[in-house]
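Working notes, beginning with the structure itself.
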Amino acid sequence: MDISSLLIEGVDAVLDLASQLDQTDNLDADVNWLGLSSQCIGAAQKSFDMGNSVNGKKWLLAALKIHNFLAEHSANENLKLGHEISMLRIKVKAIGHLGIDCEEELLDIRSIRQWFFRKVNLTPEEAEEKSRSWVTIPKDEITRLRNLKNILNALEPLKNCNGIHEDLKEWLALKNKLP
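If you're matching positions, the sequence shown starts at 624 in the numbering used here and goes up one per residue.
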């Protein structure tokens, strides 16, 4: 399937295709899914810039569904984490434009917080301590701290957002101390 043709059909056609991913275990190999997601994010920004938040939201929801499918079907943990971080960025972008709404998957700050604490098996104090001695810790611990920093970079735009939990703010304040 040609992405250009699909994009010409519009946001509803793309969202329909992305929504169908929930009902399959197989990707259409003819679709450049990462390219489609990237195009959706760009189209969302254009929609928001033109004041069309309804379409902006649909474009971001399509991108979110694509990355969710790719994350769920990634055999490699690093690829899975990359798709999950992309999902965070999409949600953060949506919240920046539309605000927090815990009743909607795309705008739910609680799901972001829950995901974060499932992924992070450290306290801020432990992360800071490991960061101070990062040159002497094992490589897998350095990778863990770098992954944490990448996650925090994705969450950074929420730092001053009303409705963000204090525990996430504490982690965001630690970001620049991580390797």
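Note that beta-carbon positions come from the ideal geometry of N, C-alpha and C, so glycine has one too.
If you check the CB distance, Leu687 and Met710 come in under 8 Å. An exposed status is given to Glu695, since fewer than 16 other beta-carbon atoms sit within 10 Å of its beta-carbon. Contact between Arg733 and Ala777 fails: their C-beta atoms lie close to 17 Å from each other, not under 8 Å. Between Val715 and Pro802, the beta carbon gap of about 23 Å keeps them out of contact (Cβ cut-off 8 Å). Assigned with DSSP and collapsed to three states, Met673 falls in coil, not helix or strand. In this structure, the CA atom of Ile626 is about 29 Å from the CA atom of Asp731. C-alpha of Asp724 to C-alpha of Gly679: approximately 16 Å in a straight line. Straight-line measurement puts the Cα of Leu775 at about 15 Å from the Cα of Ser754. Glu707 and Ser660 have their C-alpha atoms some 13 Å from each other.
A straight line joining the alpha-carbon of Asn701 with that of Asp763 spans about 12 Å.
Judged by beta-carbon spacing, Leu693 lies within the 8 Å limit of Trp656, meaning their Cβ atoms are closer than that value. Taking a 10 Å sphere around the C-beta of Ala698, we find fewer than 16 other C-beta atoms and assign the residue as exposed.
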